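Participant:
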Amino acid sequence: MKKAIIRIVVLIVFSTAAVAAVMLLNWHYARPITVKTPLIDGEIIERVELNRGELWFKDEETLASQLTQEDYLFVTGISVKANDTLVSYKEMNGGKLYSREELLAALNIYPEYWTMGGMPLKDTDYQRLWVQGVCFINGDPEKPVYMFNGAKACAVWYTYPAPHNHDININIYASPTPVKCSLDGVLQYTAEMPMSGASSVRVMFGDMDSLIGDIPAAMCVKASRWWRAFFIIGETAYQVSVSNCTQAEFIELVLSICNAPHPEKENYIDFLLK
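According to my numbering, the sequence shown is numbered sequentially starting from 19.
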């Protein structure tokens, strides 16, 4: 009887400890990702420690050292030739048309959470944030392109242009994966070669050698003024480019995107065509 009681007590203790461990783990990963390294305006910290992860800001020389000859080859599979037919997604799903909000939600993009300088980004509703209509080359579900003032490499584009050189200029691009080319590329209709005006992701960002929580990322800086990041959350890739801001402001913007809700979603193309 005594041994049985001891076994029950041990079982209860271990069960309680296991539950506590799971709760602690869930709390750890539910916490917002924050900066631990002190940042000073006017200075560039090459390696910035986060409470979960580390950012490595690569300069142009470091980025170039990570590239191989294969990285400079033309990006394949993104050109739109003159004899191609572009078919909109609603023509392929029986006429179903999704709203801007539905498309953003399907991509797991929530701009209301994006901040910089402690303030929400301006005009993320309609004026500066565009959701590109999706078409498919020759009606092929494997060949989507995004149409806004010509074919684009990104599905969503937020831009806040600087009226003069001393103001911050922000561009945030997003697209469903897989991604081969940089998201700010423009696809040319009459491209004879598959370069189509777009550089590969690796030429732009090199290795994914930063870590934001459990999100691999690439961070680049040029001349202390131009900041760029590339990362993938779930099935959505992000490219963030900002000029004329501080390192702290840029990091805040990137972390606000990563800290936004990202519930599990079905594949974006499957969502459009169902």
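All C-beta atoms in this analysis are idealised placements derived from N, C-alpha and C, irrespective of residue type, glycine included.
A quick note: this is a predicted structure, and the numbers were derived from the prediction, not measured.
In three-state DSSP terms, what is V265?
Facilitator: Residue 265 is actually Gln in this sequence, not Val. Helix at Q265.
Participant: Quick one: what's got a C-beta closer than 7 Å to Y128's C-beta in the same chain, skipping five residues either side?
Facilitator: Cβ within range, chain order: A278, P279.
Participant: For T254 and I233, I'd like the C-alpha separation in whole angstroms.
Facilitator: Answer to the nearest angstrom: the Cα atoms are 12 Å apart.
Participant: Ignore the nearest five residues each way along the sequence and tell me which others in C276's own chain have a CB closer than 8 Å to its CB.
Facilitator: I51, I230, G231, I233, F249, I251.
Participant: Go ahead and label I58 buried or exposed: buried means 16 or more other beta carbons lie within 10 angstroms of its beta carbon, across all protein chains shown.
Facilitator: Exposed.
Participant: Quick check: the Cα distance between V258 and R246, rounded to an integer number of angstroms?
Facilitator: So the alpha carbons of these two residues sit roughly 6 Å apart.
Participant: Rounded to the nearest angstrom, what separates K240 and L81 at their Cα positions?
Facilitator: Each residue's alpha carbon lies about 10 Å from the other.
Participant: With the cut-off set at 8 Å, would you say D227 and I155 are in Cβ contact?
Facilitator: Not a contact, by the Cβ cut-off of 8 Å.
Participant: List the endpoints of the continuous alpha helix (DSSP H) containing R118.
Facilitator: 118-124 is the extent of the alpha helix (DSSP H) around R118.
Participant: In this structure, what does DSSP give as the bridge partners for V152?
Facilitator: The partner list for V152 (beta bridge, DSSP) reads Y164.
Participant: Cα separation between S83 and K108?
Facilitator: Each residue's alpha carbon lies about 45 Å from the other.
Participant: Could you check what DSSP says for C172 in three-state terms: helix, strand or coil?
Facilitator: Residue state, collapsed to three classes: coil.
Participant: To the nearest whole angstrom, what separates the beta carbons of Q150 and M165, a pair I think is in contact under 8 Å?
Facilitator: Yes, they are in contact, since the Cβ atoms of Q150 and M165 sit about 6 Å apart, within 8 Å.
Participant: With a threshold of 16 other CB atoms inside 10 Å of the CB of A100, please say whether the residue is buried or exposed.
Facilitator: Exposed is the call here.
Participant: DSSP three-state call for I233: helix, strand or coil?
Facilitator: In this structure, I233 counts as strand in the three-state DSSP scheme.
Participant: What number of angstroms, rounded off, separates the C-alpha of I287 from the C-alpha of L201?
Facilitator: So the two alpha carbons sit approximately 17 Å from each other.
Participant: Taking 6 Å as the limit between beta carbons, can you name the residues of its chain near L115, skipping five residues before and five after?
Facilitator: If we look at L115 and ignore the five residues flanking it on each side, its Cβ neighbours are K108.
Participant: So what does DSSP say about S242, is it helix, strand or coil?
Facilitator: Looking at S242 - three-state DSSP - the assignment turns out to be coil, as it is neither helix nor strand.
Participant: Look at M134 and E270 and say whether their C-beta atoms are less than 8 Å apart.
Facilitator: Yes, these two residues count as a Cβ contact at 8 Å.
Participant: Taking all protein chains shown into account, decide if N285 is buried (16 or more other Cβ within 10 angstroms of its Cβ) or exposed.
Facilitator: Exposed, because fewer than 16 other Cβ atoms sit within 10 Å of the Cβ of N285.
Participant: Let me confirm a value: Q265 is counted as buried when at least 16 other C-beta atoms fall within 10 Å, else exposed. Which label applies?
Facilitator: Classification of Q265: buried, given that the 10 Å Cβ count is 16 or more.
Participant: Skipping 5 residues on each side, what residues in its chain have a beta carbon closer than 7 Å to that of L121?
Facilitator: Correct list, in chain order: V149.
Participant: Among residues of its own chain, excluding the 5 on either side of G157, which ones have a beta-carbon nearer than 6 Å to its beta-carbon?
Facilitator: Within the same chain, G157 has close Cβ partners V105.
Participant: Please state whether the Cβ-Cβ distance between M237 and K76 is less than 8 Å.
Facilitator: Contact: yes.
Participant: Please classify K54 as buried or exposed, where buried requires at least 16 other C-beta atoms within 10 Å of its C-beta.
Facilitator: Exposed: under 16 other Cβ atoms inside 10 Å.
Participant: Over the uninterrupted beta strand (DSSP E) stretch that includes L68, give me the two end residues.
Facilitator: Unbroken beta strand (DSSP E) run through L68: 65-68.
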